[in-house]
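A.B. asks: According to UniProt numbering, the sequence shown is numbered sequentially starting from 1.
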Amino acid sequence: MNETLLIIIAALLTVLVAVFAYNMIQESRYRNKIRSQFGHSDQDALMGSQMQSVRDGRTLSHEKINADAPAMTYKPSIVGNTPTSQPEEDDDIDLNDFLDDLNDADDEAQSNQEITLSQTGLEVPTHQVGTDTNLPTPTGGLMSSLRATFNRMLNSISDDPQPELSAPVANPIDDAEVFDETQLTSNQPNILIEFDDLKRSRLPWFDSRIDYMTYVSLREAQELPVVPRLSSRYRVQMIGCTMDGLFQVAEPIPGVQYQAFAIGMQAINRNGLASERDLAMFGQQVQHFADSMDGEAKLDDIHNFLSIAEPLDELCARVDQIIAIHLVSRVSILGSELRNSLEKLGFQLLQDGAFGYLDQNGEVKFTAVTLDGSLFTPQLLASQPYKGFSMLFDITRVPHGDQHFEEYMDLAVSLSQTLHLELVDDQIQEVSTEWLKNIRSFVLDKQMEMIDARIPPGSELAQRVFS
Numbered sequence: 001m002n003e004t005l006l007i008i009i010a011a012l013l014t015v016l017v018a019v020f021a022y023n024m025i026q027e028s029r030y031r032n033k034i035r036s037q038f039g040h041s042d043q044d045a046l047m048g049s050q051m052q053s054v055r056d057g058r059t060l061s062h063e064k065i066n067a068d069a070p071a072m073t074y075k076p077s078i079v080g081n082t083p084t085s086q087p088e089e090d091d092d093i094d095l096n097d098f099l100d101d102l103n104d105a106d107d108e109a110q111s112n113q114e115i116t117l118s119q120t121g122l123e124v125p126t127h128q129v130g131t132d133t134n135l136p137t138p139t140g141g142l143m144s145s146l147r148a149t150f151n152r153m154l155n156s157i158s159d160d161p162q163p164e165l166s167a168p169v170a171n172p173i174d175d176a177e178v179f180d181e182t183q184l185t186s187n188q189p190n191i192l193i194e195f196d197d198l199k200r201s202r203l204p205w206f207d208s209r210i211d212y213m214t215y216v217s218l219r220e221a222q223e224l225p226v227v228p229r230l231s232s233r234y235r236v237q238m239i240g241c242t243m244d245g246l247f248q249v250a251e252p253i254p255g256v257q258y259q260a261f262a263i264g265m266q267a268i269n270r271n272g273l274a275s276e277r278d279l280a281m282f283g284q285q286v287q288h289f290a291d292s293m294d295g296e297a298k299l300d301d302i303h304n305f306l307s308i309a310e311p312l313d314e315l316c317a318r319v320d321q322i323i324a325i326h327l328v329s330r331v332s333i334l335g336s337e338l339r340n341s342l343e344k345l346g347f348q349l350l351q352d353g354a355f356g357y358l359d360q361n362g363e364v365k366f367t368a369v370t371l372d373g374s375l376f377t378p379q380l381l382a383s384q385p386y387k388g389f390s391m392l393f394d395i396t397r398v399p400h401g402d403q404h405f406e407e408y409m410d411l412a413v414s415l416s417q418t419l420h421l422e423l424v425d426d427q428i429q430e431v432s433t434e435w436l437k438n439i440r441s442f443v444l445d446k447q448m449e450m451i452d453a454r455i456p457p458g459s460e461l462a463q464r465v466f467s
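1) Please state the DSSP three-state secondary structure of N269.
2) What does I239 pair with, by DSSP beta-bridge criteria?
3) In this structure, what does DSSP give as the bridge partners for H326?
4) Just to confirm my understanding: we take P136, look at its own chain, exclude 5 residues before and 5 after, and list those with CB closer than 6 angstroms. What are they?
5) May I have the straight-line CA-CA distance separating L230 from V236, to the nearest angstrom?
6) What number of angstroms, rounded off, separates the C-alpha of Q351 from the C-alpha of L279?
7) Which residues in the same chain as I333 place their Cβ atom closer than 7 angstroms to its Cβ, once the five residues preceding and following it in sequence are excluded?
8) Any chance the stretch 191-199 sits against the stretch 255-262, with 3 or more Cβ pairs inside 8 angstroms?
9) Out of Q222, I302, V319, R277, state which residue places its alpha-carbon closest to the alpha-carbon of D452.
10) I need the DSSP call for L12, collapsed to helix, strand or coil.
11) Check whether the stretch 236-253 and the stretch 290-298 are in contact - that is, three or more C-beta pairs closer than 8 angstroms.
12) Quick check for students: name the residue ranges of the alpha helix (DSSP H) that lie wholly in the stretch 332-387, counting only runs of 4 or more.
13) Find the nearest neighbour of G401 within the set E422, V443, Q417, A412, judged by alpha-carbon distance.
14) Below 8 angstroms on the Cβ atoms is my contact criterion, and I expect Y234 with M265 to pass it. Report the Cβ-Cβ distance as a whole number of Å.
15) Could you pull the start and end residues of the beta strand (DSSP E) that N413 belongs to?
16) Would you mind stating whether K437 and I395 have Cβ atoms separated by less than 8 angstroms?
17) What does DSSP give as the partner residue(s) for Q257 in the beta ladder?
18) I need the straight-line Cα distance from S336 to E406, nearest angstrom please.
19) Nearest to R219 by CA position, among A250, A324, S292, is which residue?
20) Would you kindly report the start and end of the unbroken beta strand (DSSP E) that includes A297?
21) Anyone know if the C-beta pair for T367 and F376 falls short of 8 angstroms?
22) Please identify the residue among A21, Y22, I7, S467 whose C-alpha is closest to the C-alpha of L322.
23) Just grab the DSSP bridge partners of V216 for me.
24) Note down the Cα distance separating Q26 from N32, rounded to an integer number of angstroms.
25) Return the first residue and the last residue of the alpha helix (DSSP H) that I308 is part of.
26) Applying the criterion that 16 or more other CB atoms from any shown protein chain within 10 Å of the CB defines a buried residue, is V17 buried or exposed?
27) Does the distance from the CB of S414 to the CB of L423 come in under 8 angstroms?
28) If you measure between the beta carbons of P457 and R397, is that distance less than 8 angstroms?
29) What is the DSSP secondary structure of D244, counted as helix, strand or coil?
30) Please classify D211: does DSSP put it in a helix, a strand, or coil?
31) Rounded to whole angstroms, what's the CA-CA distance from A354 to F389? Just pull it up for me.
32) Kindly list the residues whose CB is nearer than 6 angstroms to the CB of S374, restricted to its own chain and excluding five residues on each side of it in sequence; keep chain order.
33) Return the CA-CA distance between M391 and T433, expressed in angstroms with no decimal places.
34) Roughly how many angstroms lie between the CA atoms of P225 and A382, to the nearest whole one?
35) For K365, collect the residues of the same chain with a Cβ closer than 7 angstroms to its Cβ; drop the 5 residues on either side in sequence, then sort them by chain order.
36) Helix, strand or coil for E3 per DSSP?
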């Protein structure tokens with residue numbers, strides 16, 4: 001009895017060793033086939049590794065494999081020639097055939113085991129080999145495990161959307177062939193100060209209603225070699241932004257570097273409003289200056305500027321009035337006597353050939369000129385007699401207020417009494433009290449218009465505009 005049991009045990013062990021060896025051979029065989037199919041000898045395809053595709057960036061798990069057709073391969077396209085990809089014959093195995101082989105191998109292993117058990121006289125319970133779906137199916141070692149793994153893989157692959165293999169593959173080189181070079185960004189460095197920041201900066205030198213503004217921002221801070229001559233007919237100011245972010249009048253000072261410039265052309269003066277052509281020429285000159293400094297220029301819109309400047313120019317022409325009272329004599333007066341009388345009241349002989357009455361700040365408030373428009377000079381005053389002179393009241397340059405007009409009249413009356421002169425108007429009519437009241441009201445009304453336009457009479461802005 002003991003010998004029979006030992007023989008049975010030895011036979012069973014022999015069968016198990018044979019089955020295990022057969023399974024190892026089958027596993028090695030199909031592992032090599034899987035490696036040859038997926039082309040990765042360093043990864044185990046049975047472990048579910050997903051390799052990135054260099055061509056389209058997709059992974060294997062996202063590609064649907066047709067079980068009825070061989071795998072499709074693509075040839076690399078040549079630059080400028082993209083033929084349609086054609087499938088090629090491949091000796092790779094089919095997954096369904098592979099699973100059928102696994103089933104056959106598993107059935108063969110089970111049949112061998114049942115035959116061996118029958119030959120030994122052992123009975124196999126029917127419930128262990130039944131086909132009840134509620135019970136687990138008998139396993140055939142590694143072959144069953146391999147079959148279950150590939151069933152799951154096939155199910156997951158079949159759920160993915162079918163890629164359209166016939167669709168032409170996008171060639172990135174074709175895109176490069178038609179790429180517009182103008183889309184490439186410039187390699188030049190950015191400007192140091194943005195134009196929006198320049199426009200928002202506080203620049204008391206300018207008034208955007210009167211000055212046509214342009215801006216120049218440099219790519220690299222540098223000194224100003226020379227102040228450019230940008231206009232010969234209109235006043236131009238150039239303000240520079242230094243390295244510490246402060247604004248000052250731009251001058252070619254050694255060691256002082258500028259990041260940007262604000263350049264304004266005064267478009268309104270007593271000669272009238274600058275034309276559109278004048279503004280365009282000024283903009284071209286600023287652009288040329290920016291190019292010479294390796295910078296960029298930003299110009300205000302000419303039409304928008306003119307739409308604001310034109311009404312202001314009309315107002316300036318309306319208020320730009322000079323009141324004149326003439327002091328005349330029936331007989332000639334010596335120039336030296338005239339000069340002494342004026343200087344005693346505070347008048348000074350100016351370089352422009354007129355006598356000026358200065359205020360506390362040294363600004364000319366009233367002026368005295370010759371009747372014929374000639375100049376007062378020291379030589380003529382010392383040797384030439386005069387029939388009289390005129391006292392001028394510039395509405396735009398005299399500060400607003402009744403006291404200033406009263407002061408003007410007091411000076412005229414004092415001079416007429418000292419030199420025995422008569423006060424007359426432009427029509428050579430003697431000045432009356434009613435005329436003085438009307439002139440006084442006229443002056444105050446015009447000055448109020450200037451105040452409403454934010455150009456106070458006698459201010460620095462008024463002196464710029466009415467120059």
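For every residue, glycine included, the Cβ atom is placed at its ideal position computed from N, Cα and C.
C.D. replies: To lay it out plainly:
1) Residue state, collapsed to three classes: strand.
2) Bridge partners of I239: V249, A262.
3) When beta bridges are read from the DSSP output, H326 appears opposite S390, V424.
4) Here P136 scores only 44 on pLDDT, less than 50, and its place in the model is too uncertain to base an answer on.
5) Rounded to whole angstroms, L230 to V236 spans 7 angstroms at the Cα level.
6) Q351 and L279 have their C-alpha atoms spaced approximately 32 angstroms apart.
7) Around I333, the same chain offers P385, Y386, L419 as residues with beta carbons nearer than 7 angstroms, after the five sequence neighbours per side are excluded.
8) Contact holds: three or more Cβ-Cβ distances are below 8 angstroms.
9) Minimum Cα distance to D452 is reached at V319.
10) In the structure shown, L12 adopts helical secondary structure according to DSSP, grouped into three states.
11) Not touching, per the Cβ criterion.
12) Given a length threshold of 4 residues, each whole run of the alpha helix (DSSP H) inside the stretch 332-387 is given here in chain order: 335-344, 378-383.
13) Just measuring C-alpha positions, the residue of E422, V443, Q417, A412 sitting nearest G401 is V443.
14) The pair is a contact, with the Cβ atoms about 5 angstroms apart (cut-off 8 angstroms).
15) Residue identity check: residue 413 is Val in the sequence provided, not Asn. Residue range 402-419 is occupied by the alpha helix (DSSP H) that includes V413, with no beta strand (DSSP E) assigned at that position.
16) Not a contact, by the Cβ cut-off of 8 angstroms.
17) Under DSSP, Q257 takes part in a beta bridge, and its partners are E223.
18) Using only the alpha carbons, I get a separation of about 27 angstroms.
19) Of the listed residues, the one whose Cα sits closest to R219 is S292.
20) Looking at the DSSP string, the run of the beta strand (DSSP E) that includes A297 is 295-299.
21) No, the pair does not count as a contact, with Cβ atoms beyond the cut-off.
22) In the sequence as displayed, the identity of residue 322 is Ile instead of Leu. The closest CA to that of I322, considering only A21, Y22, I7, S467, is found on S467.
23) Residue pairing for V216: DSSP places it in a beta bridge opposite F261, A297.
24) Roughly 10 angstroms between the two C-alpha positions.
25) It spans 302-319 - the alpha helix (DSSP H) in which I308 sits, taken as one unbroken run.
26) Residue burial is scored here from C-beta neighbours: V17 has fewer than 16 other C-beta atoms within 10 angstroms and is therefore classed as exposed.
27) No.
28) Yes; because the gap between Cβ atoms is below 8 angstroms, this pair is in contact.
29) Of the three classes helix, strand and coil, the one that applies to D244 here is coil, per DSSP.
30) In this structure, D211 counts as strand in the three-state DSSP scheme.
31) Taking the CA atoms as reference points, A354 sits about 10 angstroms from F389.
32) Answer for S374: no residue qualifies.
33) Taking the straight line joining both Cα atoms gives about 17 angstroms.
34) One Cα belongs to P225, the other to A382, and the distance between them is close to 48 angstroms.
35) The answer, listed in chain order, is Y357, L358, D359, V398.
36) Reduced to three states, the DSSP call for E3 is helix.
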